[in-house]
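Participant: Following this message is one structure expressed as structure tokens.
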Amino acid sequence: MDKIVNIGQSIHIKGELTGNEDLTIEGKVEGKVFLKDHNLTVGANGKLIAETTAKTVMVLGEVTGNITADDKVEVAATGTMRGDIHAPRVVLADGAKFKGAIDMDSRRPGAAESKSTSQPVSASKPAPAASSSAAHEPVGAGAPGKTANL
Amino acid sequence: MAVRSSVSAAPSVAAPGSQSCGGLGKALARALREGKPQILVLGPLCGDSVVYLAGRGARVHVDEVELPAPAPKAKPGEAVDVPRPIKIDQPSGAYDLVLAWEFFDFVPPDRLPQFGHEVVRLLKVGGQLVMFAHLKPPSEHAVIPRYRLLADDLVVREEPSGQAFPRYIHSNLMIERAIAGLAVQNIHLQRNQMREILASKAGVG
Chain G
1418 MDKIVNIGQS IHIKGELTGN EDLTIEGKVE GKVFLKDHNL TVGANGKLIA ETTAKTVMVL
1478 GEVTGNITAD DKVEVAATGT MRGDIHAPRV VLADGAKFKG AIDMDSRRPG AAESKSTSQP
1538 VSASKPAPAA SSSAAHEPVG AGAPGKTANL
Chain R
119 MAVRSSVSAA PSVAAPGSQS CGGLGKALAR ALREGKPQIL VLGPLCGDSV VYLAGRGARV
179 HVDEVELPAP APKAKPGEAV DVPRPIKIDQ PSGAYDLVLA WEFFDFVPPD RLPQFGHEVV
239 RLLKVGGQLV MFAHLKPPSE HAVIPRYRLL ADDLVVREEP SGQAFPRYIH SNLMIERAIA
299 GLAVQNIHLQ RNQMREILAS KAGVG
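Given below as structure tokens:
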């Protein structure tokens, strides 16, 4: 099972952050984040001011800066995102704060799936974007697996 | 581009509560011919609609614009506060399509020309504006609704919970004057007494 690293609420990091494991940010990170093939979660208390590259990015807190993901970006209803998102799959919950642009590059694999997972199928039962966060693999606090608090 | 075709427009089968929007369908069809159109969505965020448009191949920009307050009334002997200018923090001439949904309904009549001018500024020549305007609103105050796209020409109008704002009725003439520089292509009165207005920035047919 992958180790999950947690940047705690009192931690403030400035600079370039790279790694080969999943990461949850509950503190504040400024600069650049690069997590190749791994998941990044910006927790409800987390604040990320950075250019970010990861496999998936889950935003529950606040992000300023552009995000590029190989798989998926999800902004939960509690999330605030200022910046552009480039990912083949995007989920924006109603109620989330978002200012920026979204580019789902159709040449990337998974673009077709994004429609089926993120589109409403009927008016009477629209796909609730907020609830789709449940489909996100939990990588934050409380998730099973080892947790290392920085 | 096989992927693109797999996320093409869903068939516009009417779902309960949905409304057909021919103008929107036309506008999207034209915008999507551009390859990767720049679409600006104003108003409350509907994540599904944004993702739908992005999945159709557009680059979708979202901006929750602050509602302009009515201009303060002059009182005898008192200096009038100049209202803050309306500014949408987006570049000029950048967009192929602006989806304003019902935002114009919440702009006070005395600020409508300024707001309209700002929206027109954002459009490329040939760019289009799609907006909705009530003819007979059921109440004087309302929460700014969200529009959920089910297909290119099919939406569901939703009123989320939240703060209610005063809603105004703008005549067609007032709207046309406010968006001077755009040619109104289509005004379609829908069953719910809502006008769907499609306008295009003059210069390209």
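Keeping their order, the protein sequence lines are chains G and R. For the first sequence, my numbering gives the first residue as 1418, with consecutive numbering after it. For the second sequence, my numbering gives the first residue as 119, with consecutive numbering after it. All residues carry an ideal CB built from backbone N, CA and C; glycine is no exception.
What's the gap between the Cα of G:Asp-1522 and the Cα of G:Gly-1448?
Facilitator: Whole-angstrom Cα-Cα distance: 25 Å.
Participant: Using a Cβ-Cβ cut-off of less than 8 Å, list which residues of the stretch 1490-1524 of chain G approach chain R; keep chain order.
Facilitator: The stretch 1490-1524 of chain G vs chain R, Cβ under 8 Å: Val-1492, Val-1507, Val-1508, Leu-1509, Ala-1510, Asp-1511, Gly-1512, Ala-1513, Lys-1514, Phe-1515, Lys-1516, Gly-1517, Ala-1518, Ile-1519, Asp-1520, Met-1521, Ser-1523, Arg-1524.
Participant: What in chain G is Cβ-close to R:Leu-163, meaning under 8 Å?
Facilitator: Simply Leu-1509, Asp-1511, Gly-1512, Ala-1513, Lys-1514, Phe-1515.
Participant: Does the Cβ-Cβ distance between R:Ala-260 and R:Glu-276 come in under 8 Å?
Facilitator: It is not a contact, given that the beta carbons lie outside the stated cut-off.
Participant: Since G:His-1429 sits in a beta bridge, which residues does DSSP pair it with?
Facilitator: Bridge partners of G:His-1429: G:Lys-1445.
Participant: If contact is defined by three or more beta carbon pairs under 8 Å, each pair taking one atom from either stretch, is the stretch 217-229 of chain R in contact with the stretch 245-262 of chain R?
Facilitator: These segments touch.
Participant: Excluding sequence positions up to five away, which residues of its chain have a Cβ less than 7 Å from the Cβ of R:Ala-147?
Facilitator: Within the same chain, R:Ala-147 has close Cβ partners Asp-270.
Participant: So, for R:Arg-177: in the same chain, excluding its five sequence neighbours on each side, which residues have a beta-carbon less than 8 Å away from its beta-carbon?
Facilitator: Once the five neighbours on either side are set aside, the close Cβ partners of R:Arg-177 are Lys-154, Pro-155, Gln-156, Ile-157.
Participant: Does R:Val-245 come out as helix, strand or coil in the three-state DSSP assignment?
Facilitator: A small fix is needed here, since residue 245 of chain R is Gly in this sequence, not Val. Strand.
Participant: Which same chain residues, not among the five before or five after G:Ala-1461, have their C-beta less than 7 Å away from its C-beta?
Facilitator: So the list reads Leu-1477, Gly-1478, Thr-1495, once near-sequence residues are dropped.
Participant: What is the DSSP secondary structure of G:Ser-1549, reduced to helix, strand or coil?
Facilitator: With a pLDDT of only 38 at G:Ser-1549, under the threshold of 50, the placement of this residue in the model should not be trusted, and no figure is reported.
Participant: In chain order, what residues of the same chain have a beta carbon less than 7 Å from the beta carbon of G:Asp-1487, not counting five sequence neighbours either side?
Facilitator: Hits under 7 Å: Lys-1472.
Participant: Can you tell which of G:Leu-1440, G:Thr-1485, G:Met-1498 has its C-alpha closest to the C-alpha of R:Gly-165?
Facilitator: The candidate whose alpha carbon is nearest that of R:Gly-165 is G:Met-1498.
Participant: Quick check on R:Ala-172 - is its C-beta less than 8 Å from some C-beta in chain G?
Facilitator: It does; some Cβ of chain G falls within 8 Å.
Participant: Can you name, in chain order, every residue of its own chain whose Cβ lies under 8 Å from the Cβ of R:Asp-228, other than the five neighbours on each side?
Facilitator: Cβ within range, chain order: Pro-188, Ala-189.
Participant: Give a yes or no on whether 8 Å exceeds the smallest Cβ distance from R:Val-178 to chain G.
Facilitator: So, interface residue.
Participant: R:Gly-211: buried (16+ other C-beta within 10 angstroms of its C-beta) or exposed?
Facilitator: Classification for R:Gly-211: exposed.
Participant: Taking only beta-carbon positions, decide if R:Val-168 is within less than 8 Å of chain G.
Facilitator: For R:Val-168, the answer is yes, since a Cβ of chain G falls inside 8 Å of its Cβ.
Participant: Would R:Asp-181 pass as an interface residue toward chain G - the criterion being a Cβ-Cβ separation below 8 Å?
Facilitator: It does; some Cβ of chain G falls within 8 Å.
Participant: Which same chain residues, not among the five before or five after G:Glu-1433, have their C-beta less than 6 Å away from its C-beta?
Facilitator: Result list for G:Glu-1433: Gly-1448, Lys-1449, in chain order.
Participant: Helix, strand or coil for R:Ile-204, going by three-state DSSP, please let me know.
Facilitator: Coil, per DSSP.
Participant: For G:Gly-1512, which option in G:Glu-1491, G:His-1503, G:Asp-1520, G:Ile-1502 has the closest C-alpha, if you only look at C-alpha atoms?
Facilitator: The candidate whose alpha carbon is nearest that of G:Gly-1512 is G:Glu-1491.
Participant: Taking C-alpha atoms, which residue in G:Val-1459, G:Ile-1502, G:Ile-1484 lies nearest to R:Ala-172?
Facilitator: For the residues G:Val-1459, G:Ile-1502, G:Ile-1484, the minimum Cα distance to R:Ala-172 belongs to G:Ile-1502.
Participant: Should G:Thr-1435 be labelled buried (16 or more other beta-carbon atoms within 10 Å of its own) or exposed?
Facilitator: So G:Thr-1435 ends up on the exposed side.
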